[in-house]
Amino acid sequence: MPEIADLSSEGNNESCHSERAFGGAVHLGSYLLYPSEQQTVTSWPAGKELALIILNQPIPHAETSLLSLLWARADHRICADGGANRLYNLGKKVGTLGSYIPDAIVGDLDSLQEAPRAHYSQLGTDVHRMSDQDSTDFMKSLWYLDNVRRAGKLSEDCIVVVLGGLGGRLDHILHTLKVMFNNHLKRQVVTISDENLTLVLPQGKSKILVNKQVDGPTCGILPLMGESVLTTRGLRWNLDRYPSTFEGLMSTSNVIDAPEVFIESSIPVAWTSEFKPMP
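The following block contains the structure:
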């Protein structure tokens with residue numbers, strides 16, 4: 001059962017399922033992972049680069065083609081400290097040590113093991129140590145992306161896909177969400193875990209394109225920055241100018257019922273949906 005019932009008198013009226021009716025920014029969601037050139041709206045955004053960041057957690061969906069697809073399309077491939085250990089161990093296990101060579105390993109390097117360091121260094125990877133203890137390896141990786149890999153370019157012109165970060169320790173999960181919220185006006189960050197695809201929607205109106213092959217059915221809208229007044233279309237249990245807070249009621253365990261989901265929020269919120277990658 002969802003925490004919030006259907007409070008919208010309009011329900012899933014098809015007239016609300018158009019950009020003209022709802023307006024707002026368009027978010028490609030999982031189409032960023034599997035762009036479809038059959039429709040312009042679901043193709044890779046023109047002029048955008050792709051950065052792949054691997055955090056120090058088990059690489060999600062490593063048994064599928066997701067990593068190889070992202071790796072082939074990425075303009076920048078960064079391991080956040082011990083993320084290099086994860087990539088190295090996966091490579092040893094499945095025989096891809098020579099295929100996945102990151103552009104950089106970034107962090108304070110307290111987790112980086114000697115074997116991955118030596119292996120990737122000799123293959124040309126930039127092992128970039130940053131001793132600052134006021135930022136995490138995820139934050140350091142984003143700094144490196146902006147100031148080394150893409151120096152002089154606009155952050156908004158590079159979409160970041162993060163593998164890991166929303167599993168394991170609770171403090172790590174909350175930190176990943178914090179970094180995503182702190183970056184949402186600067187760049188688009190999509191985080192993939194074993195269960196979910198998560199992104200931050202800005203204040204105002206948003207349209208999320210749903211790929212039923214990999215998205216859902218369950219989803220949630222998380223108001224982690226305070227009280228959000230939410231209006232939605234395209235969900236099983238829609239909201240109509242409904243106040244939602246972390247301490248109060250949240251739209252959790254909702255269900256995607258349409259190929260487009262419209263969300264209007266008075267503050268930035270996290271959108272998260274079940275994610276099952278293609279084999």
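Each residue of the sequence shown is one higher than the last, beginning at 1 in full-length UniProt numbering. Each residue gets a CB set at the ideal place from its N, CA and C atoms; glycine is no exception.
Straight-line Cα distance separating residue j from residue i
i, j, result
"residue 136", "residue 107", "7 Å"
"residue 164", "residue 242", "32 Å"
"residue 10", "residue 230", "Its pLDDT being 42, under 50, residue 10 is placed unreliably in this model, and the coordinates cannot settle the point."
"residue 1", "residue 124", "Residue placement at residue 1 cannot be trusted, given a pLDDT of 38 that sits under 50; the coordinates are not used to answer."
"residue 248", "residue 28", "29 Å"
"residue 130", "residue 277", "34 Å"
"residue 44", "residue 24", "19 Å"
"residue 98", "residue 68", "13 Å"
"residue 143", "residue 151", "10 Å"
"residue 102", "residue 175", "24 Å"
"residue 114", "residue 177", "30 Å"
"residue 262", "residue 220", "13 Å"
"residue 232", "residue 95", "46 Å"
"residue 209", "residue 194", "21 Å"
"residue 183", "residue 141", "13 Å"
"residue 91", "residue 244", "44 Å"
"residue 15", "residue 212", "Note on residue 15: pLDDT 34, under 50, position unreliable in the model; the coordinate value appears next. Their backbone Cα atoms lie some 21 Å apart in a straight line."
"residue 222", "residue 253", "11 Å"
"residue 173", "residue 138", "12 Å"
"residue 286", "residue 258", "Residue 286 is absent from the structure shown; the chain starts at 1 and stops at 279."
"residue 89", "residue 167", "19 Å"
"residue 37", "residue 228", "35 Å"
"residue 77", "residue 55", "11 Å"
"residue 72", "residue 66", "10 Å"
"residue 196", "residue 59", "13 Å"
"residue 237", "residue 149", "43 Å"
Residue burial classification, residue i (beta-carbon count within 10 angstroms, cutoff 16)
i, result
"residue 251", "buried"
"residue 64", "exposed"
"residue 162", "buried"
"residue 121", "exposed"
"residue 40", "exposed"
"residue 188", "buried"
"residue 170", "exposed"
"residue 185", "exposed"
"residue 279", "exposed"
"residue 207", "buried"
As assigned by DSSP and simplified to three states, the class of residue i
i, result
"residue 211", "coil"
"residue 252", "strand"
"residue 276", "coil"
"residue 54", "strand"
"residue 87", "helix"
"residue 238", "coil"
"residue 126", "strand"
"residue 265", "strand"
"residue 77", "strand"
"residue 101", "coil"
"residue 27", "strand"
"residue 233", "strand"
"residue 118", "helix"
"residue 42", "helix"
"residue 62", "coil"
"residue 205", "strand"
"residue 222", "strand"
"residue 247", "coil"
"residue 259", "coil"
"residue 228", "strand"
"residue 37", "coil"
Beta-carbon proximity of residue i to residue j, cut-off 9 Å
i, j, result
"residue 79", "residue 70", "no"
"residue 180", "residue 118", "no"
"residue 274", "residue 216", "yes"
"residue 104", "residue 134", "no"
"residue 198", "residue 256", "no"
"residue 75", "residue 109", "no"
"residue 147", "residue 116", "no"
"residue 32", "residue 190", "yes"
"residue 145", "residue 53", "yes"
Within-9 Å CB hit, residue i to chain B
i, result
"residue 128", "The chain labelled as chain B is not found in the depicted structure, where only one protein chain is given."
Distance cut-off 8 Å: residue i Cβ against heavy atoms of the ligand ATP
i, result
"residue 265", "This structure lacks the ligand ATP; in fact it carries no ligand of any kind."
- Using 8 Å as the Cβ pair cut-off and three pairs as the minimum, do the region 253-267 and the region 202-214 touch? yes
Next on the checklist: Whether or not the region 148-158 and the region 46-53 are in contact is what I'm after, with contact meaning three or more pairs of Cβ atoms, one per stretch, closer than 8 Å; do they touch?
Outcome noted: yes
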